[in-house]
Structures are given as C-alpha cells and as structure tokens.
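S.K.: For the numbering used here, add 1 to where a residue sits in the sequence shown, where the first one is 1. Beta carbons: idealized from backbone N, C-alpha and C, even for Gly. Keep in mind that this is a model prediction, so the values were computed, not measured. If you scroll down you'll find the structure; I have some questions about it.
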Amino acid sequence: MPSTVSVSTHASAAQASSAQPAPILFANRGSDIAGQHYDAVLVGGGIMSATLGTFLSLLEPTWRILIVERLDEVARESSNPWNNAGTGHAALCELNYTPERPDGTIETTKAATINRNFEVSRTLWAALTRRGLIPDPSRFLSVTPHMTLVRGAKDVDYLKRRYEAIREVPGFTSMEFSTDRDTIASWAPLLVAGRRDEPIAATRVAEGTDINFGALTRELIDILRHRGTELRTNHEVTKLHRRGGKWQVQIKDRRWNASRRPAKITADFVFVGAGGYALPLLQRSGIKEIRGYGGFPISGKFLRTTNPDIVAKHQAKVYGKASVGSPPMSVPHLDTRVVDGKEALLFGPYAGFSPRYLKTGSLWDLVRSLRLGNIISMVGAGWHNMDLTRYLIGQLIARDETQFRALLDFYPEAKPGDWEWITAGQRVQVIKRDKGKGGKLEFGTELVTSSDGSIAGLLGASPGASTAAATMVRLLKTCFPDRIDSWRSDLEELVPGAFDSVG
Ligand SMILES: Cc1cc2nc3c(=O)[nH]c(=O)nc-3n(C[C@H](O)[C@H](O)[C@H](O)COP(=O)(O)OP(=O)(O)OC[C@H]3O[C@@H](n4cnc5c(N)ncnc54)[C@H](O)[C@@H]3O)c2cc1C
C-alpha cells in the first residue's frame, strides 16, 4: 500500500463504529422500509456501490443511505473473486492499453490514465486503513508481479518498443524487459520449462497487485453499516420513477415468504450500481440520457488449479497478446490468485455468448433490453463487429481440449488433469449510437448521468473494479455540482490529487 497518505479521522466514524452491524447474510432484520425517504439509494451490492457509498458516508456522515441487493449476499456477481480475474488493472501488463500506431510508435496515454486511476483506488484503501476503518488490507490485496509474455520475432519487437516507450512514463519506471530464457524462468519458471525453441520476450513490474474484489466489497460495506448505512439483501429494485423532484423506488422482497406487494420508498439521489442490470434499470427510469445505449452480453470461463506444487512455481500475473479478431477482454493470462488466504492459479478468460445480463440473470435479458431508441445501435454494432461474432461462435463450439491448447502457449508442461473449468461473471459490453455505423461496441466503462444529476449508473466492465474510486470521484463531480466545493478538502485528504486529475 502506498504510504504517502495523511488522513484525519471523522468523529462520526469512531462513534458509529461502536455498534456491530448484523452479519451481511442477515441484513434484512429491522423495520419495513416502505414509505421511508433516503438521501441516497445505491442499487446493487457490488464494488461500485460499495465505493460510492464509502465516499458519500465519509463526506456526508448524516445522510441516510440504503443499499439494495437482489441476491442473498453482497459481491456475488462480477465483484465475486472467482467471477473476475482480480487484476489490479494499472496497465502494467495489459497490451490492449498500449496500441501500436500506424507509424510503429506506441500509444501510452490510455495506459498512463489507467495507471493513475488505479492509484486513486490504492490511495483510498490506504486512507481507510490509516483511519482504522480497514483493519487489514492483506485480506483483499496481495502484491503480485505483473508480467507480459510474447512469442515470435514480430511480437518480441513490439514488446521491446512498448517497453522503451512506457518506461519513461511515471508509474512504469520500474519495468524490466528480457529476452533471456534464464531471466524469464527466474521470474516465472512455468513459462519456460518445456518450451520449444522460439523467440520469447517478457516484461515485469514487481509491485503489481492481485485484488479480491469480493472481500474488498464486503470490507467497504461493513464500514458503511458501522456508519449507519442500511443494507437490504434479497431485495430487488424493480422500478424507478421521477415524481415531485424525488425518485420513487419500487423494491420487491425476493424471500419466499415475503409479501408480493413491492415496497415504495423515495430518494433524492439514486446510483444504479447493478452491474449487467444497470442498462435495463436505467431504461426503466425513463431518463433521456440512456436512449441509444444497448448491451452485448459476453459470458466467460476460466481454468483453475489449486495443485500446491504448480501454484508454488508461479507467483505472477502474466498477460499475453490477444489473437487476431478476438476482443480485448479475451486476452489470455495466467494468474496467481489469492482468495481468502489460499493461493490458486487461474487461466483465461475464454469468452462465449449468453443472452443473460447477470450470471444469475434471465435468458430474456438481451431481448427485453431492445427498445425503439437502441435497435439501430444494436443492429449497427452487430453488423460492424462480425469478427467478434465469429470469434464468439468459434469459442462456443470449441472443445475443451482445443481450448486447453491456449494454456500450453503459456505453460507448455500443463496437464489437463490438474485443471478444472469454472464459470466467470457476465460482461455486458456497451453499445452506443454512432453516426456513421448506426452503433458501435465499446470495451470500456461508461458512466451515464441524468442532466439534473439525480441519478447515475455504470455500464460496461473494463477496467472496471480497479478504477472504481476514480470513477466515483468523477460521479461526485458530475452529480453534485452544488456540494462538490464543500467536499473538496475532505476528498483531498482521502484521495490526494484525484479531484483535479479525474476529468
Ligand atoms: C470475466 C471477468 C473478468 C474481470 N476481470 C477484472 C479484473 O481482472 N480486474 C478488474 O478490475 N475488473 C475486472 N472485471 C470487471 C469487474 O468485475 C467489474 O467492473 C466490477 O465487479 C463491477 O462491479 P459492479 O458493482 O458494477 O457490479 P457487480 O459486482 O455485478 O454488482 C452488481 C450487483 O447488483 C445486483 N443487482 C442487479 N440488479 C439489481 C436490482 N434490480 N436490485 C438490486 N440489486 C441488483 C447484483 O445482484 C449484483 O450483486 C472482470 C469482469 C469479468 C466479468
């Protein structure tokens, strides 16, 4: 964790922390919420709501905040550690953030922005640790070197040029580069043993991270509950309606013995941190800013091993280069994962198609999201992304043995018997209007806010969880223009520099 943060302690945090909240599984006890009014309602118990809630609770300790989660626990969708890869995305190893320009030079601007944005997250976690709100950051963060491995003369040349361009950029100066097999083997032995004679190259940044975003989400929501934030698990927001300058929020209790009548509450501000369901909920809110947006769901799977002999030989996150035509989110990587104190290796992701917008979603999600306002974008994006469609169909019909070969490119001596398939989280890639093509598919994250700032939601997946803190600072600036000046000094204490650096 960075040690540069100096923070003061909020008196109200200390007072509120004397009472223990109920465990998250039993978060429904207490009075019925029907008819209640909240300053802020956060839809979804994932890393995004948890991060925004933390900011709001520290900036406005007296606000009444409610988190509504449709499942029986928080962090069970994309933020669950086995549904994502847990990479602290700082652009240290992911080649898709440093594309090659037509003249052969390397674009580093996007990588520098992602690196800075990840630093905002780290700074926030460090501040919460210093305030005593996060007791032990090692419960969610492990220092794990970030490496890139490429094969073949062309890619070796590209990696060398990337290294030379990026090592000058702040945040990347400690990067090492090597084409020497012994050096690469000393960094990650599994990559070299048994490899045929071919040119290889690797870069390495020792201070990369593996993050358990599920544990982090739970830590943050624990902080929030100590400070008085209410949490309703097994409750689903089904409607959002703007009336009389407030949001009316309709909430269904999903427990089997609950009343069928949904509860209605009101809120001044609503954040739709519903992951893949953010798109349909924002559509239902009726705000004009969501018109034209669509979502393309992509499923995924990983290979995982917990064999201690193999796990002990690989202590790094190693990213490769995506094959031609494949989407950036399918860049293969072989990762050390640390989840609940236990180490494992994860390889993937293997992308596929499923019409669900959440892992626990409905087969009708994609069809139900079609609107007159987004059908042109959806068809246009589909038509202009035939490569992606072909790639996904190829992945869907590929046999397990064929897919296993991708792991052999990284770890030539891998044996199928040591690995199991696990299903990853759903990604819903953003589709936006595009004048020329009708619609275009985006691979980033998109913050959608209403013109009056009373509602905001987050679409898309990448770089996602890693840059949650920077995204939420941007949200605060956009949605709360009347308050942001009074929050400025508190924000500077929490995340120094972020106020000005986040656009
Ligand atoms: C395969 C894969 C790999 C990834 N790898 C990485 C990585 O290495 N590093 C990284 O930084 N990011 C990664 N990501 C992205 C990251 O996981 C997401 O950006 C992040 O988890 C999104 O958090 P969230 O809070 O928006 O959504 P979620 O964690 O999905 O949470 C949304 C919550 O909202 C709830 N919900 C939905 N609708 C409603 C409703 N109507 N009412 C109440 N609750 C509702 C859901 O049940 C869910 O709990 C990856 C994602 C995937 C899928």
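Can you find a heavy atom of ligand 1 that lies under 7 Å from the Cβ of VAL368?
M.R.: On the sequence shown, residue 368 is found 367 positions in, with the first residue counted as 1. Not under cutoff, so the answer is no.
S.K.: To the nearest angstrom, report how far apart LEU134 and GLU101 are at their CA atoms.
M.R.: Position 133 of the sequence shown, counted from the start, is the residue given in the question as residue 134. Position 100 of the sequence shown, counted from the start, is the residue given in the question as residue 101. Distance between the alpha carbons of LEU134 and GLU101 is about 43 Å.
S.K.: Between the region 411-423 and the region 303-319, do three or more beta carbon pairs fall short of 8 Å?
M.R.: Taking 8 Å as the limit for Cβ pairs, the verdict is that the region 303-319 does touch the region 411-423.
S.K.: Comparing C-alpha positions only, which one of SER122, GLY215, TRP64 and MET176 sits nearest to GLU74?
M.R.: On the sequence shown, position 73 is the one that residue 74 refers to. Nearest of SER122, GLY215, TRP64 and MET176 to GLU74, Cα basis: GLY215.
S.K.: Please tell me whether ALA382 and GLY295 are closer than 8 Å, where the distance is taken between their beta carbons.
M.R.: Indexing the sequence shown from 1 puts residue 382 at position 381. Indexing the sequence shown from 1 puts residue 295 at position 294. Contact flag set, yes.
S.K.: For TYR1, verify whether its CB is less than 7 Å away from any heavy atom of ligand 1.
M.R.: A question about residue 1 goes unanswered here, because the residues of the chain that appear run from 2 up to 504.
S.K.: Would VAL496 pass as a contact of ALA462 if the rule is Cβ separation under 8 Å?
M.R.: One-based indexing of the sequence shown puts residue 496 at position 495. One-based indexing of the sequence shown puts residue 462 at position 461. No.
S.K.: Quick check on DSSP: helix, strand or coil for ILE34?
M.R.: To locate residue 34, count along the sequence shown from 1; it is residue 33. The answer is coil: DSSP assigns ILE34 none of H, G, I, E or B.
S.K.: Where in the region 342-405 do unbroken runs of the alpha helix (DSSP H), each at least 4 residues long, occur, reported from the N-terminal end onward?
M.R.: As far as the region 342-405 is concerned, its whole alpha helix (DSSP H) runs of at least 4 residues are 366-369, 376-384 and 387-398.
S.K.: Using 8 Å as the Cβ pair cut-off and three pairs as the minimum, do the region 276-293 and the region 335-343 touch?
M.R.: Verdict: no, contact absent.
S.K.: VAL206 and MET176 - do their beta-carbons sit closer together than 8 Å?
M.R.: Residue 176 sits at position 175 when you count from the first residue of the sequence shown. Residue 206 sits at position 205 when you count from the first residue of the sequence shown. Taking 8 Å as the Cβ cut-off, MET176 and VAL206 qualify as a contacting pair.
S.K.: What do you reckon, are the CB atoms on ILE299 and TRP83 nearer than 8 Å?
M.R.: In the sequence shown, residue 299 corresponds to position 298, counting from 1. In the sequence shown, residue 83 corresponds to position 82, counting from 1. No; because the gap between Cβ atoms is not below 8 Å, this pair is not in contact.
S.K.: Taking just the CA atoms, how far does GLY54 sit from GLY105?
M.R.: Residue mapping note: residue 105 aligns to position 104 of the sequence shown, counting from 1. Residue mapping note: residue 54 aligns to position 53 of the sequence shown, counting from 1. Roughly 44 Å separates the two Cα atoms.
S.K.: So what's PHE505 in DSSP terms, helix, strand or just coil?
M.R.: With the chain running from 2 to 504 in the structure shown, residue 505 is simply not present.
S.K.: On the DSSP bridge list, what partners appear for THR424?
M.R.: Locating residue 424 in the sequence shown gives position 423, where the first residue counts as 1. Answer is LYS302, bridged to THR424.
S.K.: Could you pull the start and end residues of the beta strand (DSSP E) that LYS247 belongs to?
M.R.: Mapped onto the sequence shown, residue 247 falls at position 246. Element bounds for LYS247: 247-254.
S.K.: Are the beta-carbon atoms of VAL44 and VAL474 separated by less than 8 Å?
M.R.: Taking the sequence shown and counting its residues from 1, the one referred to as residue 44 is at position 43. Taking the sequence shown and counting its residues from 1, the one referred to as residue 474 is at position 473. No, these two residues do not count as a Cβ contact at 8 Å.
S.K.: List the endpoints of the continuous beta strand (DSSP E) containing LYS535.
M.R.: Residue coverage of the chain in this structure runs from 2 to 504, which leaves residue 535 outside it and unanswerable.
S.K.: Output the distance between the C-alpha atoms of THR52 and GLY276, rounded to the nearest integer angstrom.
M.R.: Here the question's residue 52 lines up with position 51 in the sequence shown. Here the question's residue 276 lines up with position 275 in the sequence shown. Rounded to the nearest angstrom, the two C-alpha atoms are 14 Å apart.
S.K.: In angstroms, rounded to a whole number, what distance separates the CA positions of PRO350 and GLY301?
M.R.: On the sequence shown, position 349 is the one that residue 350 refers to. On the sequence shown, position 300 is the one that residue 301 refers to. Each residue's Cα considered, the two are about 6 Å apart.
S.K.: Are the region 76-96 and the region 57-67 in contact at 8 Å, needing three or more beta carbon pairs?
M.R.: Flag = no, the region 76-96 and the region 57-67 do not touch.
S.K.: List in chain order: all unbroken alpha helix (DSSP H) runs of 4+ residues lying wholly within the region 413-498.
M.R.: Whole alpha helix (DSSP H) segments, 4+ residues: 469-480 and 485-495.
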